[in-house]
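Notes follow the structure.
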Amino acid sequence: MAAAAAAAATAVEEDLWSSMLSNVASSKRLPQKSILVLGGGADEQKEFVDALGGFSPDSRKQSRRPPVANEFALGYTYLDVLDAEQEDVLARLGLYLVSSPTPAFTPLLKPLFTPELLPDTLVVLLLDWRTPWTWLRQTRRWIRLLRNIFSQLDNDAKEALEEVMKAWEARPRNFGETGAIQVPGAAPEVHIPLGPGEFDEPLGLPLLVVCQNADNIETLERERGWKEEEFDFVLQFMRTILLKHGASLIYTSPSTPSSLQPLVYTCLSLPVSSKQALRHNVIERERVLVPPSWDSWGKIRVLRDFDVEGVGAGWSVDIDFSPASAAEPDLDTPVDGGAVELYEEVIRDSRGDDSLAALRPKGAIEMPPVDMQEFLSAQLEILESKKDEEKTGGTGGGSSSSAGGPGGPKNAMGTVGLAETDSRVRDHVGPVQFNVGGIQVDADDMLRRIKDRDAAASLDPAAMAAGGSTGPASPGGAADGKSQNEVLAQFFSSLMNKKGAGGKGGSAGK
């Protein structure tokens, strides 16, 4: 009896310690959130991870950047959610990366949608402003693929999807400036009902669409002839179809800070600091931000007159997808009267625009625009190399400076002589002319003729005398003729000096 009592006491003590250790372990366990990143290439996905984690090249966080494995099929990386002081870890994000909407990836994606993971999962779709004419077709392919995967889940996972959407739809409609839900004049438990076109086609998980490289908007306007109407059309179209899924929208650029991080945290119900308050923006075309549970048909029409009803109905037709084979569905099945067809009629691939091609000369080679940051980096390298050359060649510049003179070689500062400078100025400005007695006289030409005559007279005075008089030329006559030439030369030189002193900055006769 005593042995049995001792064994029972030991068992109770072990159970007590086990429960205590379990409680401590669960209290230290970090909340896990999952983000499924769809679309974009390997570089675009890394840009998204860097923007979400705040990893800029000059940031102190760069050393804590986790590796990103996204070269093949299903990629993965993780991020830590830190507190306001950037010290304690509040949660951990697991990012799963898929580039291509291929039905062959379905077996890789299905394990991500379990009843335990679904309540803490966000779907992010990456689009690129370098090819905005492909947005609707890409979005349709991904929506069809996700719907096909969700249809193959077990009953427990489907029930979890329904619970997630019910909780998401139950969010109040007014999204406040601070990131909290604010309904003026209403009690906290009162919810505004859904508006028309909102959550008509629930996906099952919250969706965020990120349009990257928004700095390419300026390139489309400058080189492809896009106008404000095209940019507004794209924005209104995307807002209309995303409203049907209760999705969010944001434009991002690598060179511009964005609200991507607080938007993702809000979608995952993670804490957001007051410094990162979300503010909707549909006016600045490069910084668009549509938070969850904020948009409506009325707000879409404010920007410009738009057929939200027709576009919404067309999108429902596009994604009403019943593949003949669930294992290998054709995600590009064409649909008549869908929203994709309407979108691509207006937003076309401008790279092959015949009207723009007709303006280019035949045989011309079209050069792609160089990124501004790459251009500036190249120029910086050139300037640095020039600076190094000047430092290394500074000791040998004294000999060249001593040889510098009017019309001489370059001096140590790299400038030419005064006479050569005046010559370049005259070549740029043109001949100096004067009006003498109603006759336009070219001063430079007149000086040249006088100098040529003096040179000819000094070389062959006998021929000059024979051609100019019947007798031999006297020394006095030659001297008088030479003095007259000098007087004429000085006269025209003085005219040029007076006329060109202010414009040329120096005398041509010196």
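Residue numbers (full-length UniProt numbering): 1 to 510.
C-beta: ideal position from N, C-alpha, C; glycine also.
These numbers were taken from a predicted model, which means no experiment stands behind them.
Alpha carbon of S493 to alpha carbon of A443, nearest angstrom: The alpha-carbon atoms of S493 and A443 are separated by roughly 8 Å.
6 Å CB neighbourhood of K386 in its chain, flanking five on each side removed: Apart from the 5 residues on each side of it in sequence, K386 has no Cβ closer than 6 Å to any other Cβ in its chain.
L249, buried or exposed, once every other Cβ within 10 Å from all chains shown has been counted against 16: Buried is the call here.
Completely contained alpha helix (DSSP H) runs for the segment 252-302, where each covers 4 or more residues: Those alpha helix (DSSP H) runs which fall completely within the segment 252-302 and span 4+ residues are 260-267.
Collapsed DSSP secondary structure at S322 in the structure displayed: S322 falls in the coil class under three-state DSSP.
Length-filtered (3 minimum) beta strand (DSSP E) runs lying within the segment 74-139: Runs found: 74-82, 89-98, 121-128.
Residues near R453 in its chain [Cβ-Cβ closer than 6 Å; skip 5 each side]: The answer is none, since no qualifying residue turns up.
Residues sharing a beta bridge with A69, DSSP: Answer by DSSP bridge pairing, in chain order: Y76.
Simplified DSSP state of V370, which is helix, strand or coil: V370 carries a coil assignment under DSSP once its states are collapsed to helix, strand and coil.
Segment contact, 8 Å Cβ cut-off, at least three pairs: the segment 240-254 with the segment 193-213: Yes, the segment 240-254 is in contact with the segment 193-213.
Helix, strand or coil at S151 [DSSP, three-state]: The answer is coil: DSSP assigns S151 none of H, G, I, E or B.
Length of the line joining the Cα atoms of N216 and E47: Here the alpha carbons of E47 and N216 stand approximately 15 Å from one another.
C-beta atoms of D154 and Q32 nearer than 8 Å: No, Cβ-Cβ distance for D154 and Q32 is not below 8 Å.
Rounded C-alpha distance that separates S100 from L16: The straight-line gap separating the alpha-carbon atoms of S100 and L16 is approximately 51 Å.
Span of the beta strand (DSSP E), counted from its first residue to its last, around I35: Where I35 is concerned, the enclosing beta strand (DSSP E) stretches over 32-38.
V441 - DSSP class collapsed to helix/strand/coil: Secondary structure of V441 (DSSP, three-state): strand.
Cβ-Cβ distance between L109 and Q45 below 8 Å: Contact flag unset, no.
V210 - DSSP class collapsed to helix/strand/coil: Here V210 sits in strand by DSSP.
DSSP bridge partner residues for S248 (one or two, in chain order): Per DSSP, L208.
Contact the segment 133-149 vs the segment 331-349: 3+ CB pairs below 8 Å: Yes: the two stretches touch, three or more of their Cβ pairs being nearer than 8 Å.
Where R348 sits in the DSSP three-state scheme: Of the three classes helix, strand and coil, the one that applies to R348 here is coil, per DSSP.
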